[in-house]
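Undergrad: Protein chains in written order, with this note's numbering: chain Z, 34 to 663; chain S, 362 to 537.
Quick reminder that beta carbons are idealized off the backbone N, C-alpha and C, glycines included.
All figures in this text were calculated on a predicted structure; none of them were measured in a lab.
#1: Distance cutoff 9 Å, beta carbons only. Does residue 304/Z sit that close to anything in chain S?
#2: Using beta-carbon positions only, say whether residue 417/S and residue 343/Z come within less than 9 Å of one another.
#3: Distance, Cα to Cα, residue 62/Z vs residue 106/Z?
#4: Which ranges does the alpha helix (DSSP H) cover as unbroken runs of at least 4 residues, wholly within the region 584–622 of chain Z, from first to last along the chain?
#5: Roughly how many angstroms lie between the CA atoms of residue 380/Z and residue 184/Z, to the nearest whole one?
#6: Could you check whether the Cβ of residue 114/Z sits closer than 8 Å to any heavy atom belonging to the ligand SAM?
#7: With residue 249/Z as the anchor, note down where its alpha helix (DSSP H) starts and where it stops.
#8: Note down the Cα distance separating residue 534/S from residue 528/S, rounded to an integer number of angstroms.
#9: For a contact defined as C-beta to C-beta under 8 Å, what are the partners of residue 288/Z on chain S?
#10: Look at the alpha carbon of residue 471/Z and the alpha carbon of residue 454/Z, and state the distance between them as a whole number of angstroms.
#11: Since residue 371/S meets chain Z, which of its residues come closer than 9 Å, beta carbon to beta carbon?
#12: Taking Cβ positions only, does residue 402/Z come closer than 9 Å to chain S?
#13: Three-state secondary structure (DSSP) at residue 560/Z?
#14: If you drop the 5 nearest sequence neighbours on each side, which residues of the same chain put their C-beta closer than 6 Å to that of residue 421/Z?
#15: Can you pull the DSSP bridge partners for residue 651/Z?
#16: Along the chain, where does the beta strand (DSSP E) that runs through residue 488/S open and close?
#17: Figure out for me which residue from 620/Z, 584/Z, 353/Z and 627/Z has the closest Cα to the Cα of residue 605/Z.
#18: Look at the alpha carbon of residue 186/Z and the alpha carbon of residue 402/Z, and state the distance between them as a whole number of angstroms.
#19: Short of 8 Å in beta carbon distance, which residues of its chain neighbour residue 549/Z, apart from the five on each side in sequence? Order them along the chain.
#20: Return the bridge partner residues of residue 370/Z from the DSSP annotation.
#21: Spell out whether any CB of chain S is found under 9 Å from the CB atom of residue 551/Z.
#22: Short of 7 Å Cβ to Cβ, which residues in the region 317–331 of chain Z face chain S?
#23: Please identify, using Cβ separations under 9 Å, the residues of the region 336–347 of chain Z that lie next to chain S, in order along the chain.
#24: For residue 386/S, does the count of other Cβ atoms within 10 angstroms reach 16, so buried, or fall short, so exposed?
#25: Once DSSP output is grouped into helix, strand and coil, what is the label at residue 663/Z?
#26: With distances taken Cα to Cα, identify the nearest neighbour of residue 522/S among 384/S, 459/S and 504/S.
#27: Name the chain S residues whose beta carbon is nearer than 9 Å to that of residue 495/Z?
#28: Do you know offhand how far residue 371/S's Cα is from residue 415/S's?
#29: Give the range of the beta strand (DSSP E) segment to which residue 416/Z is assigned.
#30: Is DSSP giving residue 501/S helix, strand or coil here?
#31: Find the residues of chain S that neighbour residue 483/Z, judging by a C-beta separation of less than 9 Å, and give them in chain order.
#32: If we ignore side chains and look at the alpha-carbon of each, how far apart do residue 475/Z and residue 591/Z end up?
#33: Taking only three categories from DSSP, how would you classify residue 306/Z?
#34: Rounding to the nearest angstrom, what Cα-Cα distance links residue 138/Z and residue 92/Z in this structure?
#35: Output needed for residue 377/S: all residues of its chain with C-beta closer than 8 Å, excluding positions within five of it in sequence on either side, in chain order.
#36: On the DSSP letters alone, give me the boundaries of the alpha helix (DSSP H) that residue 181/Z sits inside.
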């Protein structure tokens with residue numbers, strides 16, 4: 034590919050890409066998101082690739098995450114938007130044949146509505162998709178992330194061309210301030226104001242950084258954007274650099290996302306080849322490039338000042354924030370750091386204007402937000418909704434309610450920095466301020482749904498233990514405070530807690546929140562404080578009754594075989610790594626002898642319950658020591 | 362802490378130094394690439410051999426103490442040799458509430474692969490990984506980079522058995 038040396042050349046090339054893309058009457062895509070890959074979508078894609086090689090009427094696309102992860106591997110035929118789910122390699126030929134020859138659909142691969150049993154063939158007929166509004170994820174599923182031509186064919190880099198051609202840097206910043214795009218990494222600081230103060234800070238060099246260290250465990254929004262539409266991030270950063278006067282760009286990607294690293298690196302190369310990155314971009318005097326650095330497995334490096342140290346090859350310890358990074362950030366020079374989703378929103382705002390952006394979402398939180406909806410919900414996956422959508426709409430309409438018709442217990446937003454919200458808060462709109470007021474936070478977009486079989490004390494313990502591992506250890510409140518909180522939580526989960534422990538947890542939590550150095554430390558007690566606030570009775574049940582209402586805390590539960598249901602097949606015996614299953618003499622069953630569990634040997638791993646086809650294994654809490662007490 | 366030698370003028374002197382030079386030579390004298398260099402070394406050897414770290418220290422111009430600070434701070438780095446097969450059990454929140462931690466029990470009790478440790482035969486290392494972003498498919502076990510979704514005790518058991526069988530076969534072939 035030859036470098037594009039002017040904006041006119043760029044526009045001609047973009048037209049060419051568009052024509053070439055439209056030459057194909059049919060496009061078949063197979064999702065290559067992490068969940069779909071785990072479900073075997075790579076093999077499916079290989080078969081399609083073989084079948085479509087050389088075809089002049091079918092374009093095959095290996096796309097980024099399309100969102101409906103629960104039903105992966107996914108494959109969509111466009112322009113008719115026929116949506117196939119749980120596709121196996123053997124299905125590829127049939128999909129090809131039916132769509133190509135007679136325009137029919139493969140019935141058995143369609144999504145079935147769980148309540149009505151109706152087969153839904155089109156993407157927009159499925160509630161999971163119809164209730165969403167996709168801006169950042171709009172092209173996921175439509176383009177091949179490895180082909181810059183596809184992005185260009187869908188209007189990619191038009192915003193950059195517009196910015197370079199008709200907008201002054203100051204004008205762009207005004208537009209960004211007007212749009213009020215708030216930082217999607219979690220804190221919600223308006224990007225426009227950040228850009229303005231960075232531009233106005235004294236200094237010759239200015240750094241533009243993309244935070245792609247998506248550390249929230251249980252969230253994969255940024256991964257989906259990096260893998261599905263990397264050029265939107267590059268374009269956003271370019272516009273930012275042009276507006277702010279950025280001299281160097283960096284992206285910091287966590288190494289746990291090898292596919293994202295590979296895709297993004299390829300995207301950078303392509304952009305350089307076309308002259309969209311490097312010196313004199315599109316023939317203007319604007320020059321900018323982006324360097325890639327990898328994280329090495331550290332949650333705290335998602336904090337901006339820690340990230341900047343890690344970017345410099347040091348350990349990621351945050352520093353105090355008396356001076357803003359926009360004035361003294363990376364290398365003590367003015368720095369603008371935004372996260373992946375924030376950057377990916379920028380081209381849309383430049384293309385369609387601040388007014389359009391403000392027409393979506395709520396007054397103080399305009400735009401959309403991408404969430405990864407996971408846990409005990411029927412339709413897990415990646416969703417994008419306008420700000421202000423209620424948690425109930427997300428969990429029940431898009432998410433399709435709780436798995437196995439279970440009962441909703443809580444939803445956790447904001448990952449380890451957020452809180453658990455109970456059913457009474459389900460009508461809360463997702464919006465930066467509303468979530469903070471409720472004791473949680475927006476966070477980067479992890480949304481974990483918990484049902485009655487989840488223990489909130491265990492989840493609080495999980496987050497605190499996670500944070501102990503990930504605390505950089507620089508400030509005492511976070512390093513020692515969390516450790517003490519963990520000790521208490523472990524004690525409660527082991528059935529050895531006292532009621533005073535709850536008060537101590539609250540006091541410690543409030544102290545850590547008030548005194549820790551960085552944002553991560555300050556928000557670390559949130560899961561504990563919010564769960565005590567909304568689920569105090571569960572803490573009390575653990576302490577007073579030695580009962581774990583969710584049936585999770587191992588010291589407080591025991592496994593038992595229900596004699597009436599056991600058919601004596603002995604599969605649990607094979608599955609048990611602790612040899613705790615024994616047969617009851619003289620109690621014959623259909624397929625063998627009645628089994629029972631020796632409580633002294635049982636490790637409580639639950640393998641027997643998982644394997645039993647008769648559902649003859651039950652959990653009891655408080656734990657029952659001997660088999661007699663039924 | 363002091364850096365001995367001169368980054369630009371250092372020549373690889375041993376086999377391991379030559380191997381490391383190939384990976385990190387492009388970053389000579391650039392301390393801000395320390396983590397990238399260590400990641401490259403770990404990817405090649407599966408762990409961080411002392412000789413390799415010493416070479417990075419000289420070649421990039423970073424004190425050894427700082428390198429060990431980094432090696433112990435970041436979760437991915439290992440200062441001990443890891444097993445031939447790396448099992449990474451996702452302990453992200455999504456996987457946690459679907460019971461991923463319980464799988465570790467089976468792997469330990471049944472196969473002698475300790476949590477965040479290596480089996481005695483050096484064949485397997487079991488590590489936790491914070492989140493690999495396949496949250497809809499939990500629990501997820503990554504075996505030598507390959508994702509396995511919705512892993513049950515049974516499936517984890519089968520995966521390890523298969524790898525061990527293959528290893529035994531290779532060993533027998535080697536002897537013959």
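TA: Inspection of the coordinates gives the following:
#1: Along the first chain, read from residue 1 onward, the residue named residue 304/Z stands at position 271. Judged by the 9 Å Cβ criterion, residue 304/Z is not in contact with chain S.
#2: By 1-based counting over the second chain, the position of residue 417/S is 56. By 1-based counting over the first chain, the position of residue 343/Z is 310. In this structure, residue 343/Z does not lie closer than 9 Å to residue 417/S by Cβ.
#3: What you label residue 62/Z is simply residue 29 of the first chain in a count that begins at 1. What you label residue 106/Z is simply residue 73 of the first chain in a count that begins at 1. Taking the straight line joining both Cα atoms gives about 11 Å.
#4: 604–608
#5: As a first step, residue 380/Z is located in the first chain; it is residue number 347 there, counting from the start. As a first step, residue 184/Z is located in the first chain; it is residue number 151 there, counting from the start. Approximately 12 Å between the Cα atoms of the pair.
#6: Absence of the ligand SAM from the depicted structure is noted, as is the absence of any ligand whatsoever, leaving it without description.
#7: Locating residue 249/Z in the first chain gives position 216, where the first residue counts as 1. Careful: residue 249/Z lies outside any alpha helix (DSSP H) and carries neither H nor E.
#8: Looking up residue 534/S in the second chain gives position 173. Looking up residue 528/S in the second chain gives position 167. Between residue 534/S and residue 528/S, the C-alpha separation is close to 10 Å.
#9: As a first step, residue 288/Z must be located in the first chain, where it is residue number 255. By Cβ distance, chain S contributes 400 and 437.
#10: To locate residue 471/Z, count along the first chain from 1; it is residue 438. To locate residue 454/Z, count along the first chain from 1; it is residue 421. Straight-line Cα distance between these residues: approximately 8 Å.
#11: By one-based count along the second chain, residue 371/S stands at place 10. Chain Z residues near residue 371/S: none, gap ~18 Å exceeds 9 Å.
#12: For the purposes of this step, residue 402/Z is taken as residue 369 along the first chain, with counting starting at 1. By this cut-off, residue 402/Z is not an interface position.
#13: Your numbering for residue 560/Z matches position 527 in the first chain. Residue 560/Z: helix per DSSP, three-state reduction.
#14: Sequence index remark: in the first chain, residue 421/Z carries index 388 (1-based). So the list reads 394, 395, 462 and 464, once near-sequence residues are dropped.
#15: Here residue 651/Z corresponds to residue number 618 of the first chain, with the count starting at 1. Partner(s): 593/Z.
#16: Against the second chain, residue 488/S aligns to sequence position 127. Its beta strand (DSSP E) spans residues 485–490.
#17: Working through the first chain from its first residue, we reach residue 605/Z at position 572. If we check each option's Cα against that of residue 605/Z, 627/Z comes out closest.
#18: Locating residue 186/Z in the first chain gives position 153, where the first residue counts as 1. Locating residue 402/Z in the first chain gives position 369, where the first residue counts as 1. For residue 186/Z and residue 402/Z, the distance between alpha carbons rounds to 25 Å.
#19: Within the first chain, the letter at position 516 stands for residue 549/Z. Within the same chain, residue 549/Z has close Cβ partners 508, 510, 511, 514, 555 and 557.
#20: Reading the first chain from its first residue, position 337 is the one you call residue 370/Z. Partner(s): 242/Z.
#21: Numbered from its first residue, the first chain carries residue 551/Z at position 518. No, its Cβ sits nowhere closer than 9 Å to a Cβ of chain S.
#22: 326, 327, 329, 330 and 331
#23: 343, 344, 345, 346 and 347
#24: The count along the second chain starts at 1 and reaches residue 386/S at position 25. Residue 386/S comes out exposed.
#25: For this step, residue 663/Z is matched to residue 630 along the first chain. With a pLDDT of only 39 at residue 663/Z, under 50, the local geometry of the prediction cannot be trusted, and no value is derived from it.
#26: Your numbering for residue 522/S matches position 161 in the second chain. That would be 504/S, whose Cα lies nearest to the Cα of residue 522/S.
#27: Locating residue 495/Z in the first chain gives position 462, counting from the first residue. Going along chain S in sequence order, the residues near residue 495/Z (Cβ under 9 Å) are 452, 454, 457, 458 and 462.
#28: Taking the second chain and counting its residues from 1, one reaches residue 371/S at position 10. Taking the second chain and counting its residues from 1, one reaches residue 415/S at position 54. Spanning the two alpha carbons is a distance of roughly 12 Å.
#29: Taking the first residue of the first chain as 1, we reach residue 416/Z at position 383. 414–419 is the extent of the beta strand (DSSP E) around residue 416/Z.
#30: One-based indexing of the second chain puts residue 501/S at position 140. Three-state DSSP puts residue 501/S in coil, outside helix and strand.
#31: As a working note, residue 483/Z is residue 450 in the first chain. Near residue 483/Z (Cβ distances below 9 Å), the residues of chain S are 458.
#32: The residue labelled residue 475/Z in the question sits at position 442 within the first chain. The residue labelled residue 591/Z in the question sits at position 558 within the first chain. Approximately 37 Å between the Cα atoms of the pair.
#33: Here residue 306/Z corresponds to residue number 273 of the first chain, with the count starting at 1. Correct three-state label for residue 306/Z: helix.
#34: The sequence position of residue 138/Z within the first chain is 105, counting from 1. The sequence position of residue 92/Z within the first chain is 59, counting from 1. Near 18 Å, if we compare the C-alpha coordinates of residue 92/Z and residue 138/Z.
#35: Numbered from its first residue, the second chain carries residue 377/S at position 16. Taken in chain order, the residues that qualify are 410, 412, 413 and 416.
#36: To locate residue 181/Z, count along the first chain from 1; it is residue 148. Residue 181/Z -> alpha helix (DSSP H) spans 181–186.
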